[in-house]
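Beneath this line is the structure, given in structure tokens, with notes to follow.
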Amino acid sequence: MSTVDKKALYGFIERAKNRETSLNKSQVRDLLISYIHNFFITHEVGKVRFLTLPTAWWTFEKAIRKRFFSFRTFRIRAMFTGCERDYNIFKLAGLRMPKSNKKMRYSIMEELNRTILTNGRDCVLVYSDIFDFMSVTDKKFNCLWIDTGTPIDRIAERLKLVSRVIMDGPSLVVITVLKGREAGPLPDGMDRIQFADSIMNKRGFERAQVWEYQDTSPMLQLTYQKLT
Ligand SMILES: C[S@@+](CC[C@H](N)C(=O)[O-])C[C@H]1O[C@@H](n2cnc3c(N)ncnc32)[C@H](O)[C@@H]1O
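And the structure:
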């Protein structure tokens, strides 16, 4: 076999080993960042309030801020509220919050008796389950990314809380769920996309994108939008 053929073969084996033969999480994250940016430019929204699960690294949030900042034709301000329910990850996330030139503040969210870290005007981290937070907060958001990595039926009931926290006007909700299995059968023989659609349609959202990717398990990422 020629060296060129071998390169192709070994390259393929390497990619398969790294699960890169289909899209991976960071590729889908990049697609999502472009989609979100284009959506808010198209609808001329100058301030996007995100509710996300940043883990320890805030990878998505930092990339969003960079992307928004580098596009000079229409500047969008990104404001982040992140939730994390694992205390060790929360502490690490507190150390890696997107930069601000203000001092970090510590407070308690009375309704949940949970810690909140605030870094400048645009970045907040709450030590809480995201749905518990959604059930009590007075804040409103125009972009949610619910990336709990669980089956859709596990979060279906609590997804209804989207109505409580979503702003009027153009907004996006991204839901990332396990593709491989459900915790139980879905209602009316629906598949997982139809089931997610049925929940989101009732909240005024239409499905705009479906991306599948391989993480430690196959994942399904659904993006929903509403315009009013
Ligand atoms: C899959 S990661 C999020 C990754 C992020 N979307 C990204 O691409 O960079 C999920 C994180 O959220 C946390 N988490 C999962 N379910 C949660 C929930 N219901 N409420 C709060 N945190 C949750 C996990 O501990 C983990 O740190």
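First residue of the sequence shown: 0, per numbering that gives the first Met the number 0; consecutive thereafter. A virtual CB, placed ideally from N, CA and C, is assigned to each residue, including glycine.
Contact belief for residue i with residue j at Cβ below 8 Å, rounded distance in angstroms
i, j, result
"A92", "F49", "Between F49 and A92 the Cβ distance is about 14 Å, and since that is not below 8 Å, they are no contact."
"F38", "C82", "So it is not a contact: roughly 23 Å between Cβ atoms."
"W56", "R95", "6 Å"
"G160", "A195", "Here the sequence assigns Leu to residue 160, which means Gly is not the residue at that position. That pair is no contact at about 15 Å."
"L158", "I198", "5 Å"
For residue j and residue i, the rounded distance between their alpha carbons
i, j, result
"F11", "L22", "Residue placement at F11 is poorly supported in this model, since its pLDDT is 45, which falls under 50; the coordinates are not used for a value here."
"Q224", "L177", "21 Å"
"F67", "P53", "18 Å"
"S162", "V172", "11 Å"
"E60", "P186", "35 Å"
"E156", "T215", "25 Å"
"D85", "I75", "31 Å"
"Q217", "M189", "A quick correction: the sequence has Pro, not Gln, at residue 217. Straight-line Cα distance between these residues: approximately 19 Å."
"I107", "I174", "28 Å"
"N112", "V123", "16 Å"
"R104", "F79", "15 Å"
"S25", "P184", "30 Å"
"D137", "Q213", "36 Å"
"E211", "V27", "8 Å"
"A207", "R64", "23 Å"
"L30", "K101", "31 Å"
"I32", "T58", "11 Å"
"F204", "R120", "29 Å"
"V47", "V135", "21 Å"
"A15", "D146", "Note that A15 has pLDDT 49, beneath the 50 cutoff, so the model's placement of it is unreliable and the number below is only indicative. So the alpha carbons of these two residues sit roughly 25 Å apart."
"K201", "N87", "36 Å"
"E109", "I154", "25 Å"
"S69", "G168", "25 Å"
"V3", "T114", "Any reading at V3 needs caution, since the residue's pLDDT is 46, under 50, leaving its predicted position unreliable; the model's value is listed next. Distance between the alpha carbons of V3 and T114 is about 57 Å."
"H36", "N118", "23 Å"
"A62", "R71", "16 Å"
When the options are compared against residue i, the one with the closest alpha-carbon
i, options, result
"I151", "T215, F132, L219 and K201", "L219"
"K90", "Y126, I63, R71 and I107", "Y126"
"I129", "V123, I107, T51 and K138", "T51"
"T41", "N200, S170 and F204", "S170"
"K98", "R206, S197, L116 and N112", "L116"
"I192", "R153, M166 and V209", "V209"
"V44", "G179, R120, F73 and Y34", "F73"
"G179", "R206, G148 and G168", "G148"
"I165", "F140, K46 and D146", "F140"
"Y34", "T114, C142 and E109", "C142"
Cross-strand partners of residue i (DSSP beta bridge)
i, result
"Y105", "L116"
"L219", "V176 and E211"
"M78", "R48"
"I145", "I174"
"F67", "Looking at the DSSP assignment, F67 forms no beta bridge with any residue, so it has no partner."
"F140", "I165"
"V135", "Bridge partners of V135: none, in fact."
"N23", "Q213"
"Y126", "E83"
"K159", "According to DSSP, K159 bridges with nothing at all."
"E205", "Q224"
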